[in-house]
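**Student:**
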Amino acid sequence: MNNKQLMVDTEWLENHLNDPKLRLLDATVMMKQDENGVDIQSGKASYDQEHIPGAVFADLMQELSDPNATFPFTAAPHDLFVEKIKKLGVGDGTYVVVYDRGAVVGAPFSASDWASRLWWQLRLAGFDDVYVLAGGFPKWKEEGRPVTNEPGSYPTASFTGKRRTELLATKEDIKEAMTDPSIVMINCLSPAEFKGETNAYPRNGHIPSSKNVFFGDVSDPNAKGLPDQEKLHKLFEPSGALDPDKKVITYCGGGIAATWNALALFALGREDVAIYDGSMNEWTADESLPLDVGQ
33 MNNKQLMVDT
43 EWLENHLNDP
53 KLRLLDATVM
63 MKQDENGVDI
73 QSGKASYDQE
83 HIPGAVFADL
93 MQELSDPNAT
103 FPFTAAPHDL
113 FVEKIKKLGV
123 GDGTYVVVYD
133 RGAVVGAPFS
143 ASDWASRLWW
153 QLRLAGFDDV
163 YVLAGGFPKW
173 KEEGRPVTNE
183 PGSYPTASFT
193 GKRRTELLAT
203 KEDIKEAMTD
213 PSIVMINCLS
223 PAEFKGETNA
233 YPRNGHIPSS
243 KNVFFGDVSD
253 PNAKGLPDQE
263 KLHKLFEPSG
273 ALDPDKKVIT
283 YCGGGIAATW
293 NALALFALGR
303 EDVAIYDGSM
313 NEWTADESLP
323 LDVGQ
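Spelled out as structure tokens, the structure:
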């Protein structure tokens, strides 16, 4: 496998299901969004019903998040994450393919941001040999490929990765970034959420000086993975995120969609993008912190 490669397609995966070095992780989380707000449920029930043969369930909601954090899906401390991921068989001498069932139930776009969340968490933990399945489980099912309800399992692995703190941004980092022209902040939410036209968070708007690149636009309706390089360039160039002299931080509501844009930027050569893990959940909860509305 090539570390510069970010995604594998369904045909490739089916041909490699019996590879003893493969660790196939189902990172599904079921998120429903309507005018009443957001409902988020574990994907375990969906996994138990059917999944790709051999896959194990990676529990982003509970096992791989910080149990003591104020906000959901906060990245687990390094030692806790390593302890949990080793039990899923991930570690030295293995490579990982992650998939999910889509970002939001019924969404018209196909960004696999739960899978990219685990891709980012593994990279944060110092593990590089990780790939996202283009199109995820929906594409696998559409093509009539095999599914099972038999739970997968892998032997516990050894894991020697070291945490890359540069891939994680804190609230303090964001406060400094607002007035630092060498840092580009990208809000990955919808244009309406960015402008403050919805009530998705305790306060409306976006972090001052941040630019908007909606993660739902960063998808390819045909291959159901990332768009081609030309489209990616058009999406990100106006934000300044492709300037090699600038640091890039992505954020969203809770640090999930932000990882999909980080994956896209990685495909454009930006391997050092940091995620503001607290994102709007944390920022809007602190009334002392500023927000801008409109463009």
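Residue numbers (our numbering): 33 to 327. Even glycine gets a Cβ: it sits at the ideal position worked out from N, Cα and C.
(1) Extract the residue ranges of the alpha helix (DSSP H) inside the stretch 134 to 160, only unbroken runs of 4 or more that lie entirely within it.
(2) Determine, using beta-carbon pairs with one atom in the stretch 148 to 156 and one in the stretch 193 to 207, whether at least three such pairs fall under 8 Å.
(3) In the structure shown, what three-state DSSP assignment does Asn231 receive?
(4) Answer yes or no: do Ala209 and Tyr131 have a C-beta to C-beta separation smaller than 8 Å?
(5) In the DSSP assignment, find the alpha helix (DSSP H) that holds Asp111 and state where it starts and stops.
(6) Using only the alpha-carbon positions, how far apart do Pro223 and Pro234 sit?
(7) Output the distance between the C-alpha atoms of Lys173 and Ser144, rounded to the nearest integer angstrom.
(8) Run through DSSP, which three-state label would Ser14 get?
(9) Note the first and the last residue of the continuous alpha helix (DSSP H) segment covering Gln94.
(10) Only counting the same chain, and skipping five residues up and downstream in sequence, which positions put a Cβ closer than 6 Å to that of Thr188?
(11) Along the chain, where does the beta strand (DSSP E) containing Gln65 start, and where does it finish?
(12) Using a Cβ-Cβ cut-off of 7 Å (strictly less than) and excluding sequence neighbours within five positions of Leu54, which residues of its own chain qualify?
(13) Run through DSSP, which three-state label would Asn181 get?
(14) Just the Cα atoms here: how many angstroms apart are Gly176 and Gln73?
(15) Output needed for Leu321: all residues of its chain with C-beta closer than 7 Å, excluding positions within five of it in sequence on either side, in chain order.
(16) Please go through the same chain and pick out, in chain order, the residues whose beta-carbon is closer than 8 Å to the beta-carbon of Asn35, but skip the five residues on each side of it.
(17) Ignoring anything shorter than 3 residues, give me the beta strand (DSSP E) runs that lie fully in the stretch 246 to 315, in order along the chain.
(18) For Leu92 and Glu262, I'd like the C-alpha separation in whole angstroms.
(19) With C-beta atoms as the reference, is Leu57 less than 8 Å away from Gly86?
(20) Going straight from the alpha carbon of Ile288 to that of Asn181, what length do you get?
(21) What residue range is occupied by the uninterrupted beta strand (DSSP E) comprising Asp58?
(22) How big is the Cα-Cα spacing for Val136 and Gly285?
(23) Locate the beta strand (DSSP E) running through Leu38, then write down its first and last residues.
(24) Hey, would you say Leu45 sits closer than 8 Å to Ala299, going by beta carbons?
(25) Just to check my reading of the structure: Val164 and His83 have Cβ atoms closer than 8 Å, yes? What is that Cβ distance to the nearest angstrom?
(26) With distances taken between CB atoms, is the gap from Pro259 to Ser271 smaller than 8 Å?
(27) Given a cut-off of 8 Å, decide if Gly123 and Phe191 are closer than it, judged by their beta-carbon atoms.
(28) Over the uninterrupted alpha helix (DSSP H) stretch that includes Tyr79, give me the two end residues.
(29) Would you give the residue range spanned by the alpha helix (DSSP H) that Val206 belongs to?
(30) Excluding the 5 residues flanking Met33 on each side, which residues of the same chain have their C-beta closer than 8 Å to its C-beta?
**Tutor:** Taking the coordinates as given:
(1) 145 to 156
(2) yes
(3) coil
(4) no
(5) 110 to 119
(6) 17 Å
(7) 15 Å
(8) What the structure shows of the chain is the stretch from 33 to 327, and residue 14 is not part of that stretch, so it cannot be assessed.
(9) Element bounds for Gln94: n/a, residue is neither H nor E.
(10) Lys118, Lys119
(11) 61 to 66
(12) His48, Tyr127, Val129
(13) coil
(14) 26 Å
(15) Trp315
(16) For Asn35, the pLDDT reaches just 43, beneath the cut-off of 50, and the residue's location in the model is therefore unreliable, although a value from the coordinates is still provided. Here the set comprises Asp160, Asp161.
(17) 279 to 283, 306 to 308
(18) 32 Å
(19) no
(20) 27 Å
(21) 54 to 58
(22) 13 Å
(23) First-last for Leu38: undefined, no H or E at that position.
(24) no
(25) Rounded, the Cβ-Cβ distance is 16 Å, inconsistent with contact.
(26) no
(27) yes
(28) 76 to 81
(29) One point to set straight first is that residue 206 is Ile, not Val, in the sequence displayed. From DSSP, the alpha helix (DSSP H) with Ile206 extends over 203 to 209.
(30) Its pLDDT being 48, under 50, Met33 is placed unreliably in this model, and the value from its coordinates should be taken loosely. Answer for Met33: Tyr127, Asp161, Tyr163, listed in chain order.
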